[in-house]
Amino acid sequence: MRHGRYPFIVGFLTVPVAIYVTFVIGPYAQAFYLATTNWRGVSANPKFIGLENFERLLSDDIFWKAVRHHGVLLLAMPLITIALALFFAFMLNVGGGSRG
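Under UniProt numbering, the first residue of the sequence shown carries the number 1, and numbering increases by one thereafter.
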């Protein structure tokens with residue numbers, strides 16, 4: 001009974017994994033490849049320049065300002081959401097028992 005278990009599992013996992021690789025991993029790989037070229041979106045053949053785009057990005061002050069703003073939002077939004085949720089839960093419980 002145990003010998004037929006793994007082909008059954010592999011049969012069910014093959015299609016979802018193939019879809020995941022095609023529609024999630026594939027675009028990430030393509031985006032990373034394009035980030036290592038000087039392609040502007042117009043020419044047919046991009047020139048490979050390596051990590052120069054990333055070096056330019058990491059030396060840009062506007063990028064670091066955007067990262068700081070994103071970090072503030074990353075910390076503030078969950079705190080605000082939890083505070084609002086606790087407030088509304090408290091307001092629902094203050095009303096007492098059900099009426100009806």
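We put the beta carbon where it would ideally sit given N, CA and C, even for glycine.
| CA-CA distance, A89 and Y20? | 38 Å
| field | Simplified DSSP state of residue 109, which is helix, strand or coil | value | Shown here, the chain extends from 1 to 100; a query on residue 109 therefore has no answer.
| request: Could you please give the first and the last residue of the uninterrupted alpha helix (DSSP H) stretch that includes I9? | output: 5-20
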